[in-house]
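Here's the structure we're looking at; comments come further down.
Numbering (my numbering), first residue to last: 7 to 279.
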(Lines of atoms letter the chains of each structure in order from A and count residues from 1; the text may use other names and numbers.)
(Lines give C-alpha, C1' and ligand atoms only; values in the text may rest on other atoms or scores of the structure.)
Protein backbone atom coordinates (compact mmCIF):
# COMPACT_ATOMS: atom_id res chain seq x y z
CA UNK A 1 0.00 0.00 0.00
CA UNK A 2 2.77 2.45 0.92
CA UNK A 3 4.47 1.94 -2.44
CA UNK A 4 1.34 2.94 -4.36
CA UNK A 5 0.40 5.74 -1.97
CA UNK A 6 3.90 7.26 -2.04
CA UNK A 7 3.87 7.33 -5.84
CA UNK A 8 0.42 8.95 -5.94
CA UNK A 9 1.36 11.75 -3.56
CA UNK A 10 4.69 12.21 -5.32
CA UNK A 11 2.78 12.72 -8.57
CA UNK A 12 0.45 15.21 -6.89
CA UNK A 13 3.46 17.14 -5.55
CA UNK A 14 5.14 17.13 -8.98
CA UNK A 15 2.02 18.49 -10.64
CA UNK A 16 1.68 21.18 -7.97
CA UNK A 17 5.32 22.18 -8.44
CA UNK A 18 4.59 22.56 -12.15
CA UNK A 19 1.56 24.75 -11.41
CA UNK A 20 -0.93 22.02 -12.26
CA UNK A 21 -3.56 20.06 -10.39
CA UNK A 22 -4.13 16.33 -10.19
CA UNK A 23 -7.38 15.08 -11.66
CA UNK A 24 -9.97 14.44 -8.93
CA UNK A 25 -10.84 10.86 -7.99
CA UNK A 26 -7.81 9.66 -9.92
CA UNK A 27 -4.97 7.43 -8.75
CA UNK A 28 -1.54 8.38 -10.10
CA UNK A 29 1.81 6.66 -10.49
CA UNK A 30 5.29 7.96 -11.28
CA UNK A 31 7.25 5.68 -13.60
CA UNK A 32 10.78 7.04 -13.89
CA UNK A 33 12.96 3.93 -14.20
CA UNK A 34 14.80 3.42 -17.47
CA UNK A 35 16.36 0.49 -19.28
CA UNK A 36 20.01 1.66 -19.60
CA UNK A 37 20.55 3.00 -23.08
CA UNK A 38 16.92 2.46 -24.06
CA UNK A 39 14.84 5.32 -22.70
CA UNK A 40 11.29 5.74 -23.95
CA UNK A 41 11.46 7.73 -27.18
CA UNK A 42 9.73 11.08 -27.51
CA UNK A 43 9.09 11.97 -31.16
CA UNK A 44 7.42 15.02 -32.63
CA UNK A 45 4.40 14.55 -34.92
CA UNK A 46 2.45 17.01 -37.07
CA UNK A 47 0.08 17.87 -34.22
CA UNK A 48 2.01 16.98 -31.08
CA UNK A 49 4.19 14.13 -29.93
CA UNK A 50 4.24 10.36 -29.65
CA UNK A 51 6.07 8.12 -27.21
CA UNK A 52 7.32 4.59 -27.85
CA UNK A 53 9.47 2.08 -26.00
CA UNK A 54 9.74 0.00 -22.87
CA UNK A 55 9.83 1.02 -19.24
CA UNK A 56 10.59 -1.35 -16.31
CA UNK A 57 9.64 -1.24 -12.62
CA UNK A 58 6.15 0.14 -13.12
CA UNK A 59 3.90 -0.39 -10.09
CA UNK A 60 0.12 -0.23 -10.15
CA UNK A 61 -0.44 -1.82 -13.56
CA UNK A 62 -4.18 -2.05 -14.02
CA UNK A 63 -4.68 -0.23 -10.71
CA UNK A 64 -3.67 3.39 -11.34
CA UNK A 65 -5.51 5.69 -13.73
CA UNK A 66 -2.76 8.06 -14.81
CA UNK A 67 1.03 8.03 -14.77
CA UNK A 68 3.83 10.56 -15.01
CA UNK A 69 6.54 9.03 -17.21
CA UNK A 70 10.09 10.09 -17.94
CA UNK A 71 10.81 10.03 -21.67
CA UNK A 72 13.73 10.91 -23.90
CA UNK A 73 17.46 11.38 -23.39
CA UNK A 74 19.88 12.91 -22.56
CA UNK A 75 17.63 15.44 -20.80
CA UNK A 76 14.48 13.54 -19.85
CA UNK A 77 11.06 15.11 -20.16
CA UNK A 78 8.09 14.26 -18.01
CA UNK A 79 4.77 13.43 -19.65
CA UNK A 80 1.35 12.77 -18.15
CA UNK A 81 -0.50 9.82 -19.65
CA UNK A 82 -4.13 8.81 -19.20
CA UNK A 83 -3.70 5.05 -18.93
CA UNK A 84 -7.40 4.20 -19.24
CA UNK A 85 -7.97 6.32 -22.33
CA UNK A 86 -4.83 5.04 -24.06
CA UNK A 87 -4.99 1.41 -22.95
CA UNK A 88 -4.93 0.11 -26.54
CA UNK A 89 -1.47 1.63 -27.04
CA UNK A 90 0.06 0.29 -23.83
CA UNK A 91 1.07 -3.32 -23.14
CA UNK A 92 1.54 -4.55 -19.58
CA UNK A 93 3.90 -7.40 -18.72
CA UNK A 94 3.58 -8.77 -15.20
CA UNK A 95 5.52 -11.93 -16.02
CA UNK A 96 8.86 -10.12 -15.75
CA UNK A 97 8.28 -9.73 -11.99
CA UNK A 98 9.65 -12.96 -10.49
CA UNK A 99 9.58 -12.23 -6.77
CA UNK A 100 6.53 -12.40 -4.51
CA UNK A 101 7.56 -9.08 -2.96
CA UNK A 102 5.15 -6.35 -4.06
CA UNK A 103 3.15 -8.87 -6.07
CA UNK A 104 -0.06 -7.17 -4.89
CA UNK A 105 1.09 -3.83 -6.29
CA UNK A 106 0.92 -5.26 -9.83
CA UNK A 107 4.51 -4.33 -10.64
CA UNK A 108 5.97 -5.12 -14.04
CA UNK A 109 7.05 -3.55 -17.32
CA UNK A 110 5.16 -1.58 -19.95
CA UNK A 111 5.59 -1.12 -23.68
CA UNK A 112 4.27 2.03 -25.31
CA UNK A 113 3.19 1.74 -28.94
CA UNK A 114 3.37 5.16 -30.64
CA UNK A 115 1.13 6.65 -27.97
CA UNK A 116 0.03 10.13 -29.03
CA UNK A 117 0.38 12.90 -26.46
CA UNK A 118 -0.49 16.57 -26.75
CA UNK A 119 2.05 19.34 -26.06
CA UNK A 120 0.07 20.14 -22.92
CA UNK A 121 0.85 16.66 -21.60
CA UNK A 122 4.54 17.54 -21.33
CA UNK A 123 5.36 18.78 -17.84
CA UNK A 124 8.23 21.22 -17.47
CA UNK A 125 11.14 21.60 -19.84
CA UNK A 126 14.06 19.28 -20.57
CA UNK A 127 15.65 18.05 -17.32
CA UNK A 128 13.06 19.95 -15.20
CA UNK A 129 11.97 16.74 -13.50
CA UNK A 130 15.46 15.99 -12.16
CA UNK A 131 16.58 19.55 -11.42
CA UNK A 132 13.62 20.81 -9.34
CA UNK A 133 13.94 20.87 -5.52
CA UNK A 134 10.87 18.65 -5.22
CA UNK A 135 12.75 15.75 -6.81
CA UNK A 136 14.93 15.60 -3.72
CA UNK A 137 12.08 16.24 -1.30
CA UNK A 138 10.34 13.26 -2.90
CA UNK A 139 13.49 11.17 -2.41
CA UNK A 140 13.14 11.80 1.32
CA UNK A 141 9.51 10.69 1.10
CA UNK A 142 10.58 7.35 -0.33
CA UNK A 143 13.07 6.95 2.51
CA UNK A 144 10.23 7.61 4.95
CA UNK A 145 8.39 4.64 3.45
CA UNK A 146 11.48 2.48 3.94
CA UNK A 147 11.58 3.55 7.58
CA UNK A 148 7.89 2.85 8.07
CA UNK A 149 8.28 -0.61 6.60
CA UNK A 150 11.15 -1.39 8.92
CA UNK A 151 9.32 0.02 11.95
CA UNK A 152 6.44 -2.37 11.29
CA UNK A 153 8.71 -5.32 12.07
CA UNK A 154 8.66 -4.22 15.69
CA UNK A 155 4.97 -5.13 15.82
CA UNK A 156 6.05 -8.77 15.73
CA UNK A 157 9.03 -8.21 18.00
CA UNK A 158 7.00 -6.50 20.72
CA UNK A 159 4.51 -9.36 21.05
CA UNK A 160 7.14 -12.08 20.88
CA UNK A 161 7.60 -14.02 24.11
CA UNK A 162 11.33 -14.45 23.54
CA UNK A 163 13.16 -12.62 26.31
CA UNK A 164 16.63 -14.13 26.37
CA UNK A 165 19.52 -11.64 26.66
CA UNK A 166 20.54 -11.82 23.01
CA UNK A 167 16.98 -11.26 21.73
CA UNK A 168 16.49 -8.34 24.12
CA UNK A 169 19.77 -6.80 22.97
CA UNK A 170 18.63 -6.97 19.35
CA UNK A 171 15.22 -5.58 20.32
CA UNK A 172 16.83 -2.63 22.06
CA UNK A 173 19.03 -1.91 19.05
CA UNK A 174 16.05 -2.13 16.68
CA UNK A 175 13.99 0.20 18.85
CA UNK A 176 16.88 2.69 18.90
CA UNK A 177 17.21 2.49 15.11
CA UNK A 178 13.51 3.18 14.58
CA UNK A 179 13.72 6.16 16.93
CA UNK A 180 16.79 7.37 15.03
CA UNK A 181 14.99 7.12 11.69
CA UNK A 182 12.01 9.04 13.06
CA UNK A 183 14.25 11.79 14.46
CA UNK A 184 16.19 12.03 11.19
CA UNK A 185 13.04 12.32 9.08
CA UNK A 186 11.57 14.92 11.47
CA UNK A 187 14.74 17.00 11.12
CA UNK A 188 14.65 16.65 7.33
CA UNK A 189 10.98 17.70 7.20
CA UNK A 190 11.70 20.79 9.30
CA UNK A 191 14.58 21.76 6.99
CA UNK A 192 12.43 21.27 3.89
CA UNK A 193 9.68 23.46 5.32
CA UNK A 194 12.23 26.15 6.21
CA UNK A 195 13.81 26.32 2.72
CA UNK A 196 11.68 24.42 0.18
CA UNK A 197 13.26 26.09 -2.87
CA UNK A 198 16.93 25.47 -2.06
CA UNK A 199 17.72 22.79 -4.62
CA UNK A 200 21.36 22.20 -3.66
CA UNK A 201 20.55 21.84 0.03
CA UNK A 202 17.67 19.54 -0.90
CA UNK A 203 19.98 17.25 -2.85
CA UNK A 204 22.60 17.05 -0.11
CA UNK A 205 19.95 16.44 2.53
CA UNK A 206 18.20 13.71 0.53
CA UNK A 207 21.46 11.86 -0.13
CA UNK A 208 22.27 11.94 3.59
CA UNK A 209 18.78 10.86 4.62
CA UNK A 210 18.61 7.96 2.17
CA UNK A 211 22.07 6.71 3.14
CA UNK A 212 21.28 6.79 6.86
CA UNK A 213 17.80 5.26 6.54
CA UNK A 214 19.21 2.53 4.28
CA UNK A 215 21.93 1.79 6.81
CA UNK A 216 19.69 1.75 9.87
CA UNK A 217 17.00 -0.15 8.01
CA UNK A 218 19.39 -2.81 6.72
CA UNK A 219 20.89 -3.24 10.19
CA UNK A 220 17.40 -3.68 11.63
CA UNK A 221 16.55 -6.37 9.07
CA UNK A 222 19.72 -8.22 9.99
CA UNK A 223 19.04 -7.96 13.70
CA UNK A 224 15.43 -9.07 13.30
CA UNK A 225 16.46 -12.26 11.51
CA UNK A 226 19.21 -13.01 14.03
CA UNK A 227 16.87 -12.39 16.97
CA UNK A 228 13.80 -14.32 15.84
CA UNK A 229 15.16 -16.86 13.40
CA UNK A 230 13.34 -18.40 10.43
CA UNK A 231 9.84 -18.68 11.90
CA UNK A 232 8.53 -15.14 11.24
CA UNK A 233 10.30 -15.06 7.87
CA UNK A 234 8.67 -18.26 6.65
CA UNK A 235 5.51 -18.98 8.65
CA UNK A 236 4.10 -15.57 9.56
CA UNK A 237 2.65 -14.28 6.30
CA UNK A 238 2.42 -10.59 7.18
CA UNK A 239 5.88 -10.40 8.72
CA UNK A 240 7.52 -12.46 5.98
CA UNK A 241 5.98 -10.25 3.30
CA UNK A 242 7.01 -7.05 5.07
CA UNK A 243 10.58 -8.28 5.58
CA UNK A 244 11.00 -9.24 1.94
CA UNK A 245 9.34 -6.13 0.55
CA UNK A 246 11.14 -3.56 2.67
CA UNK A 247 14.47 -5.18 1.83
CA UNK A 248 13.69 -4.90 -1.87
CA UNK A 249 12.25 -1.39 -1.50
CA UNK A 250 15.45 -0.09 0.09
CA UNK A 251 17.39 -1.24 -2.93
CA UNK A 252 16.00 1.79 -4.70
CA UNK A 253 18.88 3.45 -2.90
CA UNK A 254 21.79 3.97 -5.28
CA UNK A 255 24.17 3.13 -2.42
CA UNK A 256 27.81 3.95 -3.22
CA UNK A 257 26.83 5.93 -6.32
CA UNK A 258 24.85 8.28 -4.10
CA UNK A 259 27.71 8.46 -1.62
CA UNK A 260 30.06 9.45 -4.43
CA UNK A 261 27.66 12.24 -5.38
CA UNK A 262 27.41 13.34 -1.75
CA UNK A 263 31.18 13.38 -1.41
CA UNK A 264 31.54 15.46 -4.57
CA UNK A 265 28.90 17.94 -3.41
CA UNK A 266 30.59 18.19 -0.02
CA UNK A 267 33.97 18.85 -1.60
CA UNK A 268 32.47 21.48 -3.90
CA UNK A 269 30.90 23.24 -0.92
CA UNK A 270 34.26 23.35 0.85
CA UNK A 271 36.01 24.76 -2.23
CA UNK A 272 33.33 27.40 -2.77
CA UNK A 273 33.17 28.51 0.86
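Note that beta-carbon positions come from the ideal geometry of N, C-alpha and C, so glycine has one too.
Owing to the predicted nature of the structure, the values given are computational and were not obtained by experimental measurement.
- If the five residues before and after residue 12 are omitted, its C-beta is found closer than 7 Å to the C-beta atoms of 147, 148 and 151, all from its own chain and listed in chain order.
- Uninterrupted beta strand (DSSP E) stretches at least 3 residues long and entirely within the stretch 47–80 occur at 47–51, 54–64 and 72–77, given in chain order.
- For residue 123, the enclosing beta strand (DSSP E) starts and ends at 114–123.
- Judged by DSSP in its simplified three-state form, residue 100 adopts coil rather than helix or strand.
- Sixteen is the threshold: when 16 or more other Cβ atoms of the shown chains lie within 10 Å of the Cβ of residue 222, as they do, the residue is buried.
- The continuous alpha helix (DSSP H) containing residue 271 extends over residues 262–278.
- Checking the DSSP bridge columns, you'll see residue 153 has no partner listed.
- Secondary structure note for residue 86: its beta strand (DSSP E) is the uninterrupted segment 83–88.
- Just so you know, the alpha carbons of residue 183 and residue 35 end up roughly 30 Å apart.
- Buried is the label assigned to residue 23, since at least 16 other Cβ atoms lie within 10 Å of its Cβ.
- Bounds of any beta strand (DSSP E) do not take in residue 107, whose DSSP letter is neither H nor E.
- In the DSSP annotation of this structure, the continuous segment of the alpha helix (DSSP H) that includes residue 189 starts and ends at 171–200.
- Annotation for residue 35: the continuous beta strand (DSSP E) segment containing it runs 34–37.
- Closest by C-alpha distance to residue 115, out of 172, 154, 45 and 165, is 45.
- Counting the other Cβ atoms within 10 Å of the Cβ of residue 126 gives fewer than 16, which makes it exposed.
- Shown here for residue 99: same chain residues with a beta carbon closer than 6 Å to its own, the five before and five after excluded, namely 114 and 115 in chain order.
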